[in-house]
Amino acid sequence: MTPVCLQLLQNPAKFIEHANAQIWTDLIHQAREQALLGSCYFLLQDAGLYDAIPEKVKTHLYSGYIYAQKQKISLIKEMLKLEPFFSDAPYPCVLLKGCAYRLTELAMARGRVFSDIDILVPQQQFPDALQRLNEAGFIEFGMSDYDRRYYLRWSHQHPPLIHYLRGVSIDLHHHIYPVSSQENILIEPMLRQSIPLAGSSFAVPTKALMFVHACVHLFYQDETHKLVKDLWDLYQLYLDAIAEGEANIVQAATDLNAQAAVYYAFDVLEWLFQINVSALALTQLKPFANHSQRRSMRWLLTQLFNPQSSWHRLAHIWWAIRGHLLKMGPMTLLYHSVAKSVEQYRERRIHTAQQQQQDALTKPKDAGFQ
Amino acid sequence: MTTSFVLASAPFNFQVNTSGSVLYDQLQQLYPASVLQNSPSTDIIDFQIDFKKNWWSFSQSYAFKLGQHHFRMTAKPQLLSVFEWGLNWAVSSYQNRYLCIHAAVLEKNGISLILPAPPGSGKSTLCALLMLSGWRLLSDEHCLIDPQTGMILPFVRPISLKNRSIAVLNQRYAKNIVQCVVPDTFKGTIGYLPPTAESWQLMHQPVQPAYVIFPKYNAHVAATEFSGIEQSQLFMQLAVNCFNYTVLAEVGFETLGRLVKQVVGIRLEYANTDEALQLIAELD
Numbered sequence: 001m002t003p004v005c006l007q008l009l010q011n012p013a014k015f016i017e018h019a020n021a022q023i024w025t026d027l028i029h030q031a032r033e034q035a036l037l038g039s040c041y042f043l044l045q046d047a048g049l050y051d052a053i054p055e056k057v058k059t060h061l062y063s064g065y066i067y068a069q070k071q072k073i074s075l076i077k078e079m080l081k082l083e084p085f086f087s088d089a090p091y092p093c094v095l096l097k098g099c100a101y102r103l104t105e106l107a108m109a110r111g112r113v114f115s116d117i118d119i120l121v122p123q124q125q126f127p128d129a130l131q132r133l134n135e136a137g138f139i140e141f142g143m144s145d146y147d148r149r150y151y152l153r154w155s156h157q158h159p160p161l162i163h164y165l166r167g168v169s170i171d172l173h174h175h176i177y178p179v180s181s182q183e184n185i186l187i188e189p190m191l192r193q194s195i196p197l198a199g200s201s202f203a204v205p206t207k208a209l210m211f212v213h214a215c216v217h218l219f220y221q222d223e224t225h226k227l228v229k230d231l232w233d234l235y236q237l238y239l240d241a242i243a244e245g246e247a248n249i250v251q252a253a254t255d256l257n258a259q260a261a262v263y264y265a266f267d268v269l270e271w272l273f274q275i276n277v278s279a280l281a282l283t284q285l286k287p288f289a290n291h292s293q294r295r296s297m298r299w300l301l302t303q304l305f306n307p308q309s310s311w312h313r314l315a316h317i318w319w320a321i322r323g324h325l326l327k328m329g330p331m332t333l334l335y336h337s338v339a340k341s342v343e344q345y346r347e348r349r350i351h352t353a354q355q356q357q358q359d360a361l362t363k364p365k366d367a368g369f370q
Numbered sequence: 371m372t373t374s375f376v377l378a379s380a381p382f383n384f385q386v387n388t389s390g391s392v393l394y395d396q397l398q399q400l401y402p403a404s405v406l407q408n409s410p411s412t413d414i415i416d417f418q419i420d421f422k423k424n425w426w427s428f429s430q431s432y433a434f435k436l437g438q439h440h441f442r443m444t445a446k447p448q449l450l451s452v453f454e455w456g457l458n459w460a461v462s463s464y465q466n467r468y469l470c471i472h473a474a475v476l477e478k479n480g481i482s483l484i485l486p487a488p489p490g491s492g493k494s495t496l497c498a499l500l501m502l503s504g505w506r507l508l509s510d511e512h513c514l515i516d517p518q519t520g521m522i523l524p525f526v527r528p529i530s531l532k533n534r535s536i537a538v539l540n541q542r543y544a545k546n547i548v549q550c551v552v553p554d555t556f557k558g559t560i561g562y563l564p565p566t567a568e569s570w571q572l573m574h575q576p577v578q579p580a581y582v583i584f585p586k587y588n589a590h591v592a593a594t595e596f597s598g599i600e601q602s603q604l605f606m607q608l609a610v611n612c613f614n615y616t617v618l619a620e621v622g623f624e625t626l627g628r629l630v631k632q633v634v635g636i637r638l639e640y641a642n643t644d645e646a647l648q649l650i651a652e653l654d
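So the sequences go chain by chain: A and B. Just so we're aligned: the first sequence equals residues 1 to 370 in my numbering. Just so we're aligned: the second sequence equals residues 371 to 654 in my numbering.
In structure tokens:
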């Protein structure tokens, strides 16, 4: 069973034809959960089907559209504020993911929401970029010592940097994939091939590299709560990248040493969105992929999509373990699991004590005539 | 045991799943059967809410959640208050179809009143008194303006009253007119005044904005102030009382601009409640 939200994305006309009140209810709920309300709004507008949907559904899709528009304005304002701090940076500062989609004005960015600004810089210049962000008012907030060490030692980014007044969050990356991984994804081509934004200190990846990055993000990840959104992003980025030629995608995959991720992505997109991949591209990518990995991906996605499946819960757990294993390898994962459990236990005790203290101080009482 | 029910409260339908029947039993005192429905809805649901105990938790606390979005945990005695706040949170956080002003709205003979005010100004008390003197309630919390038409949509729910307001209402009208009193919430004691029958009957009927009154109860003022507010000031004061003015951006600016041109703005500071009610009754 495919989630109704994915059904709408796959074939909006057919979806509208068959939808009843319960299906529309599920759509609103799932699109809100997946942060896809605004994307669905534009999909239906582009297809000329927006006026064919019930008013109640319009209320929520339009809400998503409004929210995404607001985010677009906020992002542009934020980037303008960042510009002077990076104007003399003697290295590429590459915007990634949602921020890059929006500033490249990809059609898929319309209605799309995102939670932070992702910036990639060369590892050697990481301290300099961090310094510039600090000067711009972006600082670290409340993170445990363990989590901080985790970010710095094993991940591909600095702990989130949050603007001390505006609350905007920036992820500063030196890679697109955790350094603790046994996969050898290369980052240098992402920096070297980036395209400078006109009149800006920042650059964006090529469309082919954006797609390859999304493939890496989806197939080595451990979270499931935005799976439909990730798959929709992947398909939309594919459409943008394929317009510039399939060979570019294969070349980008080869440059980043991410052929396996792209092969699995093609496989899933063929299955869900009926894309046509040439035999040549598959021949070039297949030697890097693993047949059982491909089959397990499909099986996991099928179970994750179906809450009624008796394997649904297990698929969630397996997806998380699989993602972590790919990111860290077994020994690091074992160490991380134990250390994180101890950390969480300690934190919970401290948090509970603090909460009890606070509750005692704010004992409700009659606040007078209100 | 999970109880499922629908709150068909225009313009939004809520589907609620909760542990046990305590919440449902309390809501029956506040909502009519046409709104609080225990059968599955044939209409589209706007917000699907889980307000259940976590099966793995020893604390027996209930968690109010809209999908994965968590609002607040609560113990059983505060279930009703957290539920009502949770509905407010869902609407003020997740809908941007309408411009939403934090204000009470009432209507009588085609004349509407918008009462925006910060907590503690006596907005809900005045709203309750007006409703009990014949005004129909559109909302105690959310003034929903449709940017397309400029009309106010009703979002009828029980009026939430705090602390001494409960005694004021009970004293003035009948003992126990304020129902489901919940002590020891973080806002103090909360009680609920059910909307009048007329308010429920007209819950689908929008109204044209007419007056915006900023009420302030102040026991120390000698004379009631009932003075006009300039349009520019009115605009700014309404903007700061909006939940989603900044999110709506241009739409918000245009909607509020149109509203300000349509209405008369009034500042009301009073110690004498009857005099305040009389001044409002004389509006035409």
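All C-beta atoms in this analysis are idealised placements derived from N, C-alpha and C, irrespective of residue type, glycine included. The structure displayed is predicted, hence computed values, not measured ones.
According to the neighbour-count rule (16 or more other Cβ atoms, all chains shown, within 10 Å of its Cβ), is residue i buried or exposed?
i: B:W505; result: buried
i: A:R132; result: buried
i: A:T25; result: buried
i: A:F141; result: exposed
i: B:G561; result: buried
i: B:E477; result: buried
i: A:M143; result: exposed
i: A:K374; result: Nothing in the structure corresponds to residue 374 of chain A, since chain A is present only between 1 and 370.
i: B:G480; result: exposed
i: B:N458; result: buried
i: A:K14; result: exposed
i: B:L377; result: buried
i: B:N383; result: buried
Tell me which same chain residues have a C-beta within less than 6 Å of the C-beta of residue i, skipping the five on either side of it?
i: B:L649; result: F596
i: B:S391; result: T373
i: A:I242; result: none
i: A:F219; result: A261, Y264
i: A:T332; result: S180
i: A:L9; result: W232
i: B:I599; result: G635, R637
When DSSP builds the beta bridges, which residues end up paired with residue i?
i: A:H158; result: For A:H158, which the question treats as bridged, DSSP gives no partner whatsoever.
i: B:S374; result: B:N387
i: B:V634; result: B:Y581
i: B:L485; result: B:A474
i: A:G199; result: In the DSSP output, where bridge partners are listed per residue, A:G199 has none listed.
i: B:G561; result: B:L531
i: A:G167; result: A:G167 is not bridged to any residue.
i: B:Q518; result: Answer is none; B:Q518 lacks a bridge partner.
i: A:G323; result: Looking at the DSSP assignment, A:G323 forms no beta bridge with any residue, so it has no partner.
i: B:G622; result: B:G622 is not bridged to any residue.
For residue i, return the contacting residues in chain A, with the cut-off set at a CB-CB distance below 9 Å.
i: B:A619; result: I66, Q69, K70, I73
i: B:D510; result: The premise fails here: B:D510 is roughly 13 Å from chain A at the closest Cβ pair, so nothing lies under 9 Å.
i: B:D413; result: A21, T25, K56
Quick one: what's got a C-beta closer than 7 Å to residue i's C-beta in the same chain, skipping five residues either side?
i: A:Q34; result: C5, K226, V228, K229
i: A:V250; result: A281, Q284, L285
i: B:L626; result: L469, F605, L608, A609, Y615
i: A:A367; result: In this prediction, A:A367 has a pLDDT of 34, which is less than 50 and means its spatial position is unreliable; what the coordinates show is noted afterwards. So the list is empty, once near-sequence residues are dropped.
i: B:S503; result: L647
i: A:M190; result: V94, L120, I176, P205, L209, L256
Residues of chain B with CB under 7 Å from residue i, in chain order?
i: A:H29; result: Q418, G437
Give the residues of chain A in contact with residue i, contact being defined as C-beta atoms less than 8 Å apart.
i: B:Q465; result: T59, H60, S63
How about residue i: is its C-beta nearer than 9 Å to some C-beta of chain A?
i: B:P486; result: no
i: B:T616; result: yes
i: B:N383; result: yes
Which residues in the same chain as residue i place their Cβ atom closer than 8 Å to its Cβ, once the five residues preceding and following it in sequence are excluded?
i: A:Q370; result: Because A:Q370 carries a pLDDT of 31, less than 50, the predicted location of this residue cannot be relied on, and no value is offered for it.
i: A:H336; result: Y150, W154, H324, M328
i: A:F288; result: Q259, A260, Y263
i: B:S494; result: A474, D510, I529, S530, L531, K532, S535
i: B:A380; result: L523, P524, F525, V526, M573, H574
i: A:L165; result: G137
Contact criterion: CB-CB distance below 9 Å. Does residue i meet it with respect to chain B?
i: A:H312; result: no
i: A:R32; result: yes
i: A:H225; result: yes
i: A:D366; result: Its pLDDT being 34, under 50, A:D366 is placed unreliably in this model, and the value from its coordinates should be taken loosely. Judged by the 9 Å Cβ criterion, A:D366 is in contact with chain B.
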